[in-house]
Structures are given as C-alpha cells and as structure tokens.
Amino acid sequence: MDGQNNFPVFISVVDDEEDLVYLFRDALSQIQNVRVFSFTDPRLALAHFQSNRNNYRCVITDYRMPVMTGIELLEKIKEINPEVKRILISAFDIGDEIFSSCQCVDLFLQKPVTMTNLVDSVHACTDYPKIK
Amino acid sequence: MGSVNFHDSKDPDSSRGYLSRHEELLQRLSHVPIGYHYLVIYSDLKKMRSVYTACIKKQIEEQPDSITLVFPFYDNTKAVREALNSEGINTTELEKSGALVIVDILKVVETQYFQVPEVERLGAFVKQIEEKNKDKRLFVIADMSVFCHLRKSKELLEYEKMLQNTKTENRKELCLYHERDLESTFSQTEAEELESYHRGKVVTV
Chain A
2 MDGQNNFPVF
12 ISVVDDEEDL
22 VYLFRDALSQ
32 IQNVRVFSFT
42 DPRLALAHFQ
52 SNRNNYRCVI
62 TDYRMPVMTG
72 IELLEKIKEI
82 NPEVKRILIS
92 AFDIGDEIFS
102 SCQCVDLFLQ
112 KPVTMTNLVD
122 SVHACTDYPK
132 IK
Chain B
7 MGSVNFHDSK
17 DPDSSRGYLS
27 RHEELLQRLS
37 HVPIGYHYLV
47 IYSDLKKMRS
57 VYTACIKKQI
67 EEQPDSITLV
77 FPFYDNTKAV
87 REALNSEGIN
97 TTELEKSGAL
107 VIVDILKVVE
117 TQYFQVPEVE
127 RLGAFVKQIE
137 EKNKDKRLFV
147 IADMSVFCHL
157 RKSKELLEYE
167 KMLQNTKTEN
177 RKELCLYHER
187 DLESTFSQTE
197 AEELESYHRG
207 KVVTV
C-alpha cells in the first residue's frame, strides 16, 4: 500500500457547506499517512484530483452542490482514476435509479453522519489504519 | 449581474449606522411589498439561510394570516425547519395550520401531478394554494438553482418572460439563486435577460 512507503495518500472532502467540510477534514486527518483536502467548489476538487490522480485514495462528496452534483463529480473522478474509492454523502433521499444508472459510488452515507462513522467508512473503504 | 442599491437616505435605520450591509439587505428583503418579485443571489448556504429565516420570521410576525411557501433546494426540508425553529418559529404548528408550507423544490418540479412542463410546475403548485386561499396573501421563497441543476436555463428564461405579465397582486416572491449556478449556467446576455424579468429588483447577499 502507498502508506507503507511513507508517502501520504490523498483524500478529498467536497461539500458546499463550509463548516461541514472543515469538520470532515479534521476528523479524517486522524487517519495515518493521509493528507486531506477540503473543497466547497466541486470544480476545484476535480482540478486538484486531475493534477494528483495517482496520489488519491478516496474522494468523499456531498450530492447536491452548485454547478456540479456529487454524482457528476464522482463519474469524472472514476473516468480519471477508477481505482480511487468514491463515497457519496447526502441529507437527501437519492433514488435507486440514480445509483443504478451512475455506477460510480462505492459507498453511500446518509446525513447526519457522525465523525466516527465517517472515519470508519473511509477506513473500511480503503483498508487504511485509523488513528495516528 | 447588476444589483440594486438599497441605500435610502430617508430610512431611519441608516441614521443609526450600526447595521452591517448584510443586515441592511435582510431588512429590505423582509419588507418586500406585495406584488413584487425579487431575484436574490447568494454566495453560500449561510447567507441563503439568513435570507429565508429573516424574511419568514418577519412575514409570520407581521402578517400571521398569510401563507408562506418555502421551496428549498440545497437545504433539505428538515434543515429548513431546524433553521426556522432556532429563530423561535414553531414550524410544527404553522405547518399544521397551513400557514407554512415547506417542500423540496425538486420534488415539486419532478412530480407528474401537474400536467405542465417542469419549469411551470412550481407556478402550478403555488397557484393551486392561491386558489384554495383566495382571501390570503402568499409569500413565496423558492431556490431556483434547481433549474440550473436540471440544465433548464433556456426554459426558465422563457417561463420568466411569460411571468412578467402575470399579475401577482396577492403574492410576493423571492427567487433565490446560488451565484455559482448563475455564473456557470447563464451567459452574460441570459443573466441580463433574467435580471430584466425581475424589473431591476435584484439583491446580492
């Protein structure tokens, strides 16, 4: 695994709610050998991912966001690097037809999400050790 | 997009000089007169929440016999209720009495109940409530970013053009847009056209 080479791997958190994205970032920063990037604009998250595609391990995103939905973002992420784990978080009910049509979400979390649940989910998704 | 300068030298509040620009804008939006239709451009969710909580609170306090219709998009309906409850607004009671209606705008737009194009379904929903409550005034706050999400900008412009001539004597409306959605969805010409359909009543918060 990348972490065993002591080069941190990247995780990004994307949510148009600023307070929440910083909360998620701080919680995920507990994971060993991980650098967490937070974005409120999915376009910036995508641009960062494109520039660092081989360093990324996981992308966590909200669903309803301005300009680009979380699913649109994850579809583009998957095209660039299908190995990266993709987690969708939402306070809204997302129809099964949306999930079945996109095939780009590895894990769905319904808000409200506890920080423990988030960290455990990323840990489970990436087989990454949890605590520094 | 252009924005209206609301500074009014005759306004007693401005003589106090203690309100921030944001608070001043909220005060103005809370006093939008009946028959008016405003475009409100917000930069983030906090600003959006401050707009609808301030306006709804004022509406309920000053016109308790009116009906307030809230159609959020980026906030779910539970978050809207929590925001209003935190301002001392009893949403449970108000929704039970029909004085407050909170519906996810995407659900209204996607429903097949109204046999009209998607961009007209919100109007159809509001009209239905209006017809059942002819003696009451309506206050509508709708997050129109949903149409950017659905990539219906052209249809929206056509609909807004049609609405220009619609009389809304018993209603006032705030159409909310996230500024990023406006910038990414509409060309400069289209944005100016949208603004013109709101007769210059555009506020940026």
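The listed protein sequences correspond, in order, to chains A and B. All you need for the working numbering is the position in the first sequence, starting with 1, plus 1. All you need for the working numbering is the position in the second sequence, starting with 1, plus 6. Even glycine gets a Cβ: it sits at the ideal position worked out from N, Cα and C.
*Buried/exposed call for Met66 (chain A), threshold 16 Cβ in 10 Å*: buried
*Of all the CB atoms in chain B, is at least one closer than 8 Å to the CB of Ala46 (chain A)?*
no
*Just to confirm, are Arg205 (chain B) and Ile40 (chain B) a CB contact at a threshold of 8 Å?*
no
*Count the C-beta pairs between the segment 87-100 of chain B and the segment 124-132 of chain B that are closer than 8 Å, then say yes if the count reaches three, no if not.*
no
_Whole angstroms are fine: how far does the CA of Thr117 (chain B) sit from the CA of Leu163 (chain B)?_
21 Å
*Could you tell me whether the Cβ atoms of Val211 (chain B) and Leu45 (chain B) are closer together than 8 Å?*
no
*Going by alpha carbons, who is nearest to Asn118 (chain A) out of A:Ala28, A:Ile12, A:Phe8, A:Tyr23?*
A:Ala28
*Helix or strand or just coil, what does DSSP make of Phe93 (chain A)?*
coil
*Report yes or no: is there a C-beta of chain B within less than 8 Å of the C-beta of Val106 (chain A)?*
no
*Under the three-state reduction of DSSP, which class applies to Asp81 (chain B): helix, strand or coil?*
coil
*Of all the options B:Arg27, B:Ala85, B:Met150, B:Val209, which has the alpha carbon lying nearest to the alpha carbon of Phe192 (chain B)?*
B:Met150
*Beta carbon of Leu108 (chain A) nearer than 8 Å to that of Ile88 (chain A)*: yes
*What are the boundary residues of the beta strand (DSSP E) that Phe40 (chain A) is part of?*
35-40
*Spatial neighbours of Val120 (chain A) within its chain, please: CB distance less than 8 Å, with the 5 preceding and 5 following residues excluded, ordered by chain position.*
Ala28, Leu29, Gln31, Ile32, Lys131
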